[in-house]
Structures are given as structure tokens and as C-alpha cells.
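K.L.:
Take a look at the following structure, please.
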Amino acid sequence: MVSGAGGGGNDVQWCFSQVKGAIDDDVAEADIISTVEFNHSGELLATGDKGGRVVIFQQETENKSQPQCRSEYNVYSTFQSHEPEFDYLKSLEIEEKINKIRWLPQKNAAQFLLSTNDKTIKLWKISERDKRPEGYNLKEEDGRYRDATTITTLRVPVFRPMDLMVEASPRRVFANAHTYHINSISVNSDNETYLSADDLRINLWHLEITDRSFNIVDIKPANMEELTEVITAAEFHPHQCNTFVYSSSKGTIRLCDMRASALCDKHSKLFEEPEDPSNRSFFSEIISSISDVKFSHNGRYMMTRDYLSVKIWDLNMENRPVHEYLRSKLCSLYENDCIFDKFECCWNGNDSVVMTGSYNNFFRMLDRTQRRDVTLEASRESCKPRQVLKPRRVCAGGKRKKDEISVDSLDFNKKILHTAWHPQENIIAVATTNNLYIFQEKVN
Amino acid sequence: MEKLKMLFGLAVNEAKLTSQRTRLKNQNGFHLCRLSREVYTFVSPSRMSGSLLNMFSKGTKRKFSDGDEELSDESLVGARVASSYSLQRQSLLDMSLIKLQLCHMLVEPNLCRSVLIANTVRQIQEEMTHDGSWHMVTEAFCGTGQSPSERLVATEVLCRSREQDAEPKLFSVISYEGCREEEVVADETLCSVSVSETVSNVCLAGRIGQCWEKSELSDVERDEEALEDSRLGSGEDEEIDTEDGASTEGPKTIGQVFGTFEIKNGSPGPDSALEELFSDVDTSYYDLDTMLTGMQSAPKMGPYDLLDSLAPSHSSPSIVSPPNCRSDLNELDHIMEIIVGS
């Protein structure tokens, strides 16, 4: 039952659906979720973790007799995508943490996704097998070869049903193209190429070709002494296969057209917000660093996330604060390194609402049409099935009202960095440190 | 041994600070950077303004003032506010330097974070130079008795950078081109090193530079080798065979081996530990002070000394007492070298 992905943060009441992951408070480092992504139909939900594993959940087919019970996501496949490696040249360990997962649009029965760690991108094929051939002439059922002299008749092997088996196999490994840490991958709308971005360069790959890639952006200065800006995120336009954007640590976004030149160092368009002089501080640059950039589904808008706000750009720019109450805390947040946290953001299916994470396991939904927003929490306390999430409020100072939480009580270790919105329905996946929460629209 | 264990714990904690975010909590629930606990205090949440002055002044008054002075004079208030601003600016600078130093102790620092912190330091320096307080900071190093030649080199570099920069980029204090690993030659024991003197750039982040320099090395190496073998090699593999990619990078020079060794070794201890280890060598460009000021080397001053002298008005030292810390950490480093070396 598809709601048409309508409604925004306030029309929709969100309720708990599921939580995945260990419940105990002792978080194993390898279980820390590092990326969350729905596939193009929303049927599959992939997560990557710090231990290099990918877990894919599949939405159950709708239960026709109980339309009010939204289908659940259950584990579909788990595999080890990346292993820790050792770079002998630099004598450094390359972390196996999955930085990003991106699904390819489905072309046949199998599903394909790209997963990347700091240095290597892999294309995985996830396929189902629910039949197997039986009745070989030369082999027994268990695989042992039969003695040829005992064979007196011939038969044709037939396919018999078997328990569903989901196999993940690596189809391509795209390695050795990045000197710095890969922060983004993005599949082109042409379904043949994709880009990968590290701190200083962006490369263009063909999905079939692993031994070379084209460098399309290079911001490395000749003299590293002059380095003051790095690339933080990059994405292809959802419909125009020649257009992509990349964001920087100085808060600028550059739109590039690959038709203009081979090396897209000159942007077609630069997006930048002039600094508000009244808010100027030593932290201005750090908090302006963009941690995520996402095009809207229709391709008309672009959203960026910096430390304190979400910005939605087209010809005008719409600035929506996320947790402005942190502005007075910037020095402490610099001290404890929280100011360097990289929050992601995402659009809902019809681009009317955007979502992003915050601290204390809070996440924010910002409705664009109604200019309203809501803060919700992913917590163990609201884990009862279909329990409606209550809006939360943070008190910046002064008298704390009832039900409000003061800024000082926020737990900065509990951060929601990764969120994903089902492309068609009001189902969201929100990752806390090591748990995946799935919330859905309350249906009466 | 006890001290060693405690200091090992301290060293490990320092290294973990940035990687794991496990922090000490103060009673407000804020997580503190342990090293900077004494240096900084918190702003009360009732102030929402983003201006630096407001951000700092309230907290400063609470901590640094005696608390019993009556503010009868307008100018007195102004002076106090101004001095507390510069005090807090100082502590922010200290904090940033610690972060940068910790940064290059990690195995592979986050480039974005390093760049952002370095830019912040630059900003502070520019402002401090602008209002003349930078001069006072650098004077603090004058009486430390370094050799005339070092000072000469340092000032020459300073002068050079001053002339060239029209905009206040002033000292190339933040240099991302550090000491080249190829030029470091290891002798048999791997315990004493002769380091080429010509290499030193003005490096705040001589260490940062090393980290970023590592990337440079592999960049060059990769351009040559990767084009030939490893890429094609990995291209032919439909299966995962990622170990191959890493190991086909080509023969290592002694310098690279030592470089890699050094980096591995570098994690637990601060600069001063290594410095003691290589004490027969002019390692002035490793010193945090040199890196910071870009103009003078104070050979035997460790980073903690620097921070103390930078902020003389601090009532309590920001970190554990330097001498003990350093010598034990030297021991620790030495031990670790042996362990890792075997």
C-alpha cells in the first residue's frame, strides 16, 4: 500500500517498525554502521559497517489480508565486502570500513551494488537461487562421480526447487586509483559509468573496466603546502548524465559539465553562501564544511549538509537549521572533535521533505512545502511495534519547559550520521551507532 | 614500571582521542579532550550568540578571574574582556596544535580534518599577528639557547615568507610537505639516524607533512607501477584478490622502510620522545616549536613545553609535568621500537 510518498514531517505520524542490531550497550567497533542505502525500488535496504560487512534486508511481500501491517525488512544476505589490507609502500593499514554503498538500477533478476572502503570499490552481484539441477548422469547427488561402467541408462537432468539461497559474488574490483580516502561514489544515469571521489580527486569509471579510470577533477595543488580545501562529497545528477556536483570543506559546491572538457577543474557553476558577519568565529570555516550533498529525485534541487544546517539549493537557496542550539557550543565541540562529524541527509520520494541526523540519537525532518520541521528520536524506549514517535524539543537556554531536553544533557556519543528514505513509501531507515531503526508512516 | 604503565596508558589514550571519541565526561555531560581539560572551560548554555567574544568571555571569567574584583570601571571591564578574549584565543590555538600533533601520530590522519584544523590555526595566527600578539609569542623562544646557525636559518626562512606573501599567509607555518622519507638513512641499529639537513621546510606540520607526504610517495610510485602491472593485474581478476594490489608496488628503498618503521613507531609517543632518541642529530625541524613559529628552533623543548610557554598565564599546566612524561615516553618508544623491530 503505497502512500504516494506524500506528506511531510508533520502530516505524517511516524511510528516504530523495527530495530536491527545488538541490544547491549557494549558496542563492538566492527558493528558500527557506516552507511545505509535503499535500492531503487525500496525493496532492499543495505547497510555497511566498520568491519567491512554488508547486510542486505529485504522487504517482505505485502500481506494482502492485513493491509495495515506494513511489511517488514528481514535479513536477505550478509557478506564480507572488504577486508583490512596493508599498504606496504606507506606501511599503513587500509581500513575495511564501508564508506558508501550505492545500488545499480536493476536490469535483470540479479541485483548489483557498489561498495567502497577508503581505497577500493567493488561491484557485487546478489542473485537468488531457488532451483538446482538434479539427475546428472555422471555424478551422484552429492557430487561424487559415478563409475562409468555402472551407467546403463541416460536421463535428462531437471531443475528441482530448493530452499532459497542468496549469493553475493564480487564481479569487479576497482582498485589502485585513489591516493587519498574515498568519500563518495555515485552511479551515473547512463548506467554504464560511475564516479568515485577522494579528498583531492574525482575519477570516472566504466562499470565493465577495472584497469583504468579517468581523472575528471583534481584539486591537488602543485605545492601541498598550499592545500587549504578538500573534496568532501560528489554526486551525479539523477537525469543528466553529463552533470555532477562536488562539495568542499570550505562550504562551496561546484557543478561540473563533463562535456565542457576532459578535466573538469573549471566548474560550470559555483554555489556558495556569503558568510553572515555576525556569526563569524574561528569555527566558521569548520562548520561550513559540507559533509553530504544529494540531488533531489527530480533533479531540480540540491541539498547540502554542513555542521549546523541543511541547505537546499536551486536558483535560490533555502537554509534550514538543524541544531542551531549547538552554535554556542562550538568550542567544546571542536575540543571533543564532534565538530568534524559528517552527517548525511536524504530526500523523500517526492522531494517534499528532507531528513538528516543529529546528536542524542535525534533526527530531523524538514518539510519544504509547509516550512515546518520536527525532531524525532531513535531510542530503545520507543521500540514497541507501531508506537508513535513523539516530537522532541531541545532547550537552548533559559528555562527548560517540561518534556524539553537541555543542550547540556545531549549525549554527543549518540549520533545519527546515516539515514535513508524509501524512494516511494514513507519508510525510513535510521542508523544509530550500531543499530538500524526502521520507522514507517502510521497507518490506521 | 608503574609509571611506565601509566604513561603507556596516557600515550595510548592520546592516540585514541581522535580515533575513538571515547572521552571523559564532566558533570554537564560534555566530553572533554583530556589534555585540554585545564585549558578550556565551558560556556554556559544561556548564551546563544555565535560571536567569539561572547562564546568565550563568560567561561573565561568563571575560570580565570579571581572572582572577587568589582568592576567599577568601564575601561577595566573592556580590558578584562579583551584579555580574556586573547586568553581564550590562545587556548584555542593550543588546542588546535595538540590536535595537529595527535593527528600525525595516527597511522593515517584524516586529511579533511587536518586541513580544517590547520586553517583554523592559520586564522588565529593571522589575527594574532594583526594585533601584534604573535610577536610576543615568538619572543618566548628567544632565550632557549639554540645555536646561531639554526636561528639564522630560521629567520631567513621567516624573512623569505614575509616578503613573498602579499596576503597574510605570513609564515608557511603549515607546511604539508614534510621531511622526505627517502633522505632518511637508517644505520644498523636503527637507533641513530642521520637526517639530511637540507630537507627542512618551515614545517608546523613537519609531521603532518609526513603524513601527507606518504601519500605523495605512493602517488609517484603508483603512477609508474600501477599503470603497468597492478591495475591490469587486478583488472583480470574477477574474483576478489585485493592483497595482490597492495603488494605489487615495487622495491622499497631503505628510506621508505625506515620511513614506514618510523611512522609505526610514532603512534604512542610525542615528538620529544623521538627527539631524545635521535639526540645526536639536528632534528630541529621535527620540533613543534620550529614548526609553530617557523623561525626559530628550540631543540630540546618538547611540545608540552611549548604550550606552557605559549600561555604563561595559565594557572595550571595543561598537561602532565613534562620532564617525567618525556623521559618515560622515550623509554616507552625505545621499547616499542625494539618490539616492532623484531
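Chain order of the listed sequences is A and B.
Start counting the first sequence at 101; every next residue gets the next number (our numbering).
Start counting the second sequence at 6; every next residue gets the next number (our numbering).
We put the beta carbon where it would ideally sit given N, CA and C, even for glycine.
Is any heavy atom in the ligand HEM found nearer than 7 Å to the beta carbon of arginine 153 of chain A?
P.N.:
The ligand HEM is absent from the structure shown, which contains no ligands of any kind.
K.L.:
Go through the region 418 to 456 of chain A residue by residue and report every complete run of the beta strand (DSSP E) that reaches 3 residues or more, in order.
P.N.:
DSSP runs (the beta strand (DSSP E)) wholly in the region 418 to 456 of chain A: 445 to 447.
K.L.:
Any idea what DSSP makes of arginine 260 of chain A, helix, strand or coil?
P.N.:
Along the first sequence, read from residue 1 onward, the residue named residue 260 of chain A stands at position 160. Here arginine 260 of chain A sits in strand by DSSP.
K.L.:
Taking a Cβ distance cut-off of 9 Å, strictly less, list which residues of the region 278 to 298 of chain A are near chain B, in chain order.
P.N.:
Per Cβ criterion, the list reads Thr279, Tyr280, His281, Asn283 and Asp298.
K.L.:
For isoleucine 123 of chain A, tell me which candidate among A/Ile387, A/Arg468, A/Asn535 and A/Asn544 has the shortest Cα-Cα distance.
P.N.:
If you number the first sequence from 1, residue 123 of chain A lands on position 23. Comparing Cα-Cα distances from isoleucine 123 of chain A to each of A/Ile387, A/Arg468, A/Asn535 and A/Asn544, the minimum goes to A/Asn535.
K.L.:
Of all the residues that make up the region 80 to 97 of chain B, which are near chain A by a beta-carbon distance shorter than 7 Å?
P.N.:
Result list: Leu97.
K.L.:
Roughly how many angstroms lie between the CA atoms of serine 284 of chain A and serine 347 of chain A, to the nearest whole one?
P.N.:
Within the first sequence, residue 284 of chain A is the residue found at index 184, counting from 1. Within the first sequence, residue 347 of chain A is the residue found at index 247, counting from 1. Distance between the alpha carbons of serine 284 of chain A and serine 347 of chain A: 11 Å.
K.L.:
Whose C-alpha, out of A/Asn303, A/Lys442 and A/Gln470, is nearest the C-alpha of arginine 420 of chain A?
P.N.:
To locate residue 420 of chain A, count along the first sequence from 1; it is residue 320. If we check each option's Cα against that of arginine 420 of chain A, A/Gln470 comes out closest.
K.L.:
To the nearest angstrom, report how far apart phenylalanine 179 of chain A and aspartate 218 of chain A are at their CA atoms.
P.N.:
Here residue 179 of chain A refers to the residue found at position 79 when the first sequence is read from its first residue. Here residue 218 of chain A refers to the residue found at position 118 when the first sequence is read from its first residue. Rounded to the nearest angstrom, the two C-alpha atoms are 18 Å apart.
K.L.:
I want to verify the contact list: residues of chain A whose CB lies under 8 Å from the CB of isoleucine 129 of chain B, in sequence order.
P.N.:
Here the question's residue 129 of chain B lines up with position 124 in the second sequence. Result: Phe382.
K.L.:
So which residues on chain A does methionine 100 of chain B lean against when the C-beta distance must stay under 8 Å?
P.N.:
On the second sequence, residue 100 of chain B is found 95 positions in, with the first residue counted as 1. Neighbours of methionine 100 of chain B on chain A, chain order: Tyr434 and Glu435.
K.L.:
Can you grab the Cα-Cα spacing for the pair glutamate 292 of chain A / arginine 272 of chain A, in whole Å?
P.N.:
The residue given as residue 292 of chain A occupies position 192 in the first sequence. The residue given as residue 272 of chain A occupies position 172 in the first sequence. Each residue's alpha carbon lies about 13 Å from the other.
K.L.:
Which residue comes first and which comes last in the beta strand (DSSP E) that contains glutamine 524 of chain A?
P.N.:
Taking the first residue of the first sequence as position 1, residue 524 of chain A is located at position 424. No beta strand (DSSP E) holds glutamine 524 of chain A; DSSP gives it neither H nor E.
K.L.:
If you follow the beta strand (DSSP E) that threonine 134 of chain B is part of, which residue opens it and which one closes it?
P.N.:
Position 129 of the second sequence, counted from the start, is the residue given in the question as residue 134 of chain B. Where threonine 134 of chain B is concerned, there is no enclosing beta strand (DSSP E), although the alpha helix (DSSP H) it sits in stretches over 116 to 135.
K.L.:
Is it buried or exposed for tyrosine 173 of chain A, if we count other Cβ within 10 angstroms and need 16 for buried?
P.N.:
Indexing the first sequence from 1 puts residue 173 of chain A at position 73. With 16 or more other Cβ atoms within 10 Å, it is buried.
K.L.:
Can you name the residues of chain A whose CB is closer than 7 Å to the CB of glutamate 113 of chain B?
P.N.:
Here residue 113 of chain B refers to the residue found at position 108 of the second sequence. What glutamate 113 of chain B touches in chain A: Leu192.
K.L.:
Among residues of its own chain, excluding the 5 on either side of lysine 501 of chain A, which ones have a beta-carbon nearer than 8 Å to its beta-carbon?
P.N.:
To locate residue 501 of chain A, count along the first sequence from 1; it is residue 401. Same-chain partners within the cutoff: Arg493 and Cys495.
K.L.:
Among A/Thr456, A/His278 and A/Glu325, whose alpha-carbon lies nearest the alpha-carbon of leucine 304 of chain A?
P.N.:
Within the first sequence, residue 304 of chain A is the residue found at index 204, counting from 1. Nearest of A/Thr456, A/His278 and A/Glu325 to leucine 304 of chain A, Cα basis: A/His278.
K.L.:
Within 8 Å of any Cβ in chain A, is that where the Cβ of serine 302 of chain B sits?
P.N.:
As a first step, residue 302 of chain B must be located in the second sequence, where it is residue number 297. Note that serine 302 of chain B scores 36 on pLDDT, short of 50, meaning its location in the model is unreliable; the coordinates nonetheless yield the value given after this. No, because no Cβ of chain A sits closer than 8 Å to the Cβ of serine 302 of chain B.
K.L.:
What did DSSP end up calling histidine 306 of chain A once you bin it into helix, strand or coil?
P.N.:
In the first sequence, residue 306 of chain A corresponds to position 206, counting from 1. It is a strand residue.
K.L.:
When you compare the CB of threonine 125 of chain B with every CB in chain A, is at least one pair closer than 8 Å?
P.N.:
Taking the first residue of the second sequence as 1, we reach residue 125 of chain B at position 120. Yes, its Cβ sits closer than 8 Å to a Cβ of chain A.
K.L.:
Quick one: list the residues of chain A neighbouring leucine 121 of chain B, beta-carbon separation under 8 Å, in chain order.
P.N.:
Walking along the second sequence from the start, residue 121 of chain B turns up at place 116. Neighbours of leucine 121 of chain B on chain A, chain order: Ser349, Glu385, Ile386, Ser389 and Phe440.
K.L.:
So if DSSP puts glycine 148 of chain A in a beta bridge, which residue, or which two residues, is it bridged to?
P.N.:
For the purposes of this step, residue 148 of chain A is taken as residue 48 along the first sequence, with counting starting at 1. Answer is A/Thr135 and A/Val154, bridged to glycine 148 of chain A.
K.L.:
Could you tell me whether any Cβ in chain A is nearer than 8 Å to the Cβ of leucine 105 of chain B?
P.N.:
For this step, residue 105 of chain B is matched to residue 100 along the second sequence. Taking Cβ atoms only, chain A never reaches closer than 8 Å to leucine 105 of chain B, which makes this a no.
K.L.:
Please go through the region 458 to 529 of chain A and give each complete beta strand (DSSP E) segment of 3 or more residues, from N-terminal end onward.
P.N.:
Runs of the beta strand (DSSP E) inside the region 458 to 529 of chain A: 462 to 467, 472 to 477, 493 to 495, 504 to 506 and 518 to 521.
K.L.:
With a threshold of 8 Å on Cβ separation, who are the neighbours of glutamate 132 of chain B within its own chain once the five nearest residues in sequence on each side are excluded?
P.N.:
Along the second sequence, read from residue 1 onward, the residue named residue 132 of chain B stands at position 127. Within the same chain, glutamate 132 of chain B has close Cβ partners Arg94.
K.L.:
When the Cα of glutamate 129 of chain A is compared with those of A/Leu144, A/Asn139 and A/Gly148, which residue comes out closest?
P.N.:
The residue you call residue 129 of chain A lines up with position 29 of the first sequence. With distances taken between Cα atoms, glutamate 129 of chain A lies closest to A/Gly148.
K.L.:
Going straight from the alpha carbon of leucine 337 of chain B to that of isoleucine 122 of chain B, what length do you get?
P.N.:
Taking the first residue of the second sequence as position 1, residue 337 of chain B is located at position 332. Taking the first residue of the second sequence as position 1, residue 122 of chain B is located at position 117. Computed Cα separation, rounded: 29 Å.
K.L.:
Tell me where the alpha helix (DSSP H) around isoleucine 387 of chain A begins and ends.
P.N.:
For the purposes of this step, residue 387 of chain A is taken as residue 287 along the first sequence, with counting starting at 1. First-last of the alpha helix (DSSP H) with isoleucine 387 of chain A: 384 to 388.
K.L.:
If you scan the region 180 to 259 of chain A from start to end, which runs of the beta strand (DSSP E) of 3 or more residues do you find wholly inside it?
P.N.:
Segments of the beta strand (DSSP E) lying fully in the region 180 to 259 of chain A: 185 to 187, 192 to 194, 200 to 203, 211 to 216 and 221 to 234.
K.L.:
Considering only the alpha carbon of each residue, which of A/Thr135, A/Val127, A/Trp114 and A/Val112 lies closest to alanine 531 of chain A?
P.N.:
One-based indexing of the first sequence puts residue 531 of chain A at position 431. The shortest C-alpha separation from alanine 531 of chain A is found at A/Thr135.
K.L.:
Spell out a yes or no on whether the region 321 to 338 of chain A and the region 370 to 377 of chain A are touching, meaning 3 or more CB-CB pairs, one atom from each, closer than 8 Å.
P.N.:
In short, these stretches do not touch, since the Cβ pair count stays below three.
K.L.:
Can you check which of these residues, A/Met403, A/Ile516, A/Phe382 and A/Lys207, is closest to aspartate 290 of chain A by C-alpha distance?
P.N.:
To locate residue 290 of chain A, count along the first sequence from 1; it is residue 190. If we check each option's Cα against that of aspartate 290 of chain A, A/Lys207 comes out closest.
K.L.:
Decide yes or no for the touch test of the region 148 to 158 of chain A against the region 238 to 250 of chain A: beta carbon pairs closer than 8 Å, at least 3 of them.
P.N.:
Cβ pair count under 8 Å is below three, so no.
K.L.:
Counting C-beta neighbours from all protein chains within 10 Å, is the total for valine 453 of chain A 16 or more, i.e. buried, or is it exposed?
P.N.:
For the purposes of this step, residue 453 of chain A is taken as the residue at position 353 of the first sequence. Label assigned to valine 453 of chain A: buried.
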